[in-house]
Amino acid sequence: MLVPISAPGGEIGCDVSKIPCRVCGGPSSGFHFGALTCEGCKGFFRRTVNSSSIHQCLGNQTCRITPSNRNMCKSCRFKKCLEVGMSQKRESFFVFLSLSSIIGRICLRAVRCVVRLPIGQLTHTTLMTNRFASHITTTER
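Residue 1 is where the sequence shown starts when you use the numbering used here, and the numbers rise one by one after that.
So, in structure tokens, the structure goes:
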């Protein structure tokens, strides 16, 4: 899924499915409740918060959460959701205030991003200050 991010003079796109879910490590689908997660972890978090369920870990609260075993320990999965910053209160404002800076930092580390700028706006300063310089393409508008 390509997430478009508005930036001064252009648009940044990032394929978030190439960035792992912060909870289980599977392919993410976007920012949900304040963290980059997959659809499964998004739904699990929403259901857990809405039902006010209390889950008990049968181990010692250190279960490893992966895409293949994420349903085995709901207690450790919910704990991991909270550890990565998921919060029901953060769903609405997080996306609007922080998405571009968070996506930018994640893209730098994990995925090739594309910045589209109108021809003529690419200056030496733009290229040097834009950390996506090696992934810039231009498009005429």
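C-beta atoms are modelled at their ideal positions from N, C-alpha and C, and glycine is treated no differently.
TODO: Please report the residue range of the alpha helix (DSSP H) in which Leu82 lies.
DONE: Lys74 to Glu83 is the span of the alpha helix (DSSP H), which, as asked, contains Leu82.
Open item on the list: Spatial neighbours of Ser134 within its chain, please: C-beta separation below 6 Å, excluding the five flanking residues on both sides.
Closed with: Unreliable positioning characterises Ser134 in this predicted model, as indicated by a pLDDT of 44, which lies under 50. The coordinate reading is nonetheless provided below. There are no such residues.
TODO: Answer yes or no: do Arg70 and Gly40 have a C-beta to C-beta separation smaller than 9 Å?
DONE: Going by beta carbons, Arg70 and Gly40 fall inside the 9 Å limit.
- [ ] Would you mind reading off the limits of the alpha helix (DSSP H) that contains Phe45?
- [x] Start and end: Glu39 to Ser51.
- [ ] Give the single residue among Phe33, Pro27 and Cys57 whose Cα lies nearest to the Cα of Lys74.
- [x] The option with the nearest alpha carbon to Lys74 is Cys57.
Task: Residue span of the beta strand (DSSP E) that contains Phe31, given as start and end - done: Phe31 -> beta strand (DSSP E) spans Gly30 to His32.
Task: Counted within 10 angstroms of its Cβ, other Cβ atoms place Ser68 as buried (16 or more) or exposed - done: Ser68 is exposed by the Cβ-count criterion.
Open item on the list: Please state whether the Cβ-Cβ distance between Ala35 and Arg22 is less than 9 Å.
Closed with: In this structure, the beta-carbon distance from Ala35 to Arg22 falls below 9 Å.
Open item on the list: For Met72 and Gln88, I'd like the C-alpha separation in whole angstroms.
Closed with: Distance between Met72 and Gln88, taken at the CA atoms: about 23 Å.
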